[in-house]
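Residue numbers (this note's numbering): 38 to 85.
Glycine residues also receive a C-beta, built at the ideal position from the N, C-alpha and C atoms.
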């Protein structure tokens with residue numbers, strides 16, 4: 038997500054979520070999830 042992105046909320050289809058962190062990239066398999074994007078952050082609620 039680009040900096041200062043517009044806010045939005047969406048359901049995610051089953052997928053693999055890639056997370057780039059200071060500990061290196063990680064992948065998490067998602068079956069059901071909700072993604073909330075605001076300004077400079079993304080929050081993913083899993084198993085909803």
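Which one of the options has the shortest CA to CA distance from residue i?
| i | options | result |
| --- | --- | --- |
| residue 62 | 53, 69, 68, 70 | 53 |
| residue 66 | 43, 83, 78 | 83 |
| residue 81 | 64, 49, 57 | 49 |
| residue 85 | 51, 40, 58 | 51 |
Do residue i and residue j have their CB atoms nearer than 8 Å?
| i | j | result |
| --- | --- | --- |
| residue 44 | residue 74 | yes |
So with Cβ pairs under 8 Å, would you call residue i a contact of chain C?
| i | result |
| --- | --- |
| residue 60 | Looking at the structure shown, chain C is missing, and only one protein chain is on hand. |
Just to confirm my understanding: we take residue i, look at its own chain, exclude 5 residues before and 5 after, and list those with CB closer than 8 Å. What are they?
| i | result |
| --- | --- |
| residue 64 | 53, 54, 55, 56 |
| residue 41 | 76, 77 |
For residue i, which residues in the same chain have their Cβ closer than 6 Å to its Cβ, ignoring the five residues on either side in sequence?
| i | result |
| --- | --- |
| residue 72 | 47, 49, 81 |
| residue 70 | 49, 81, 83 |
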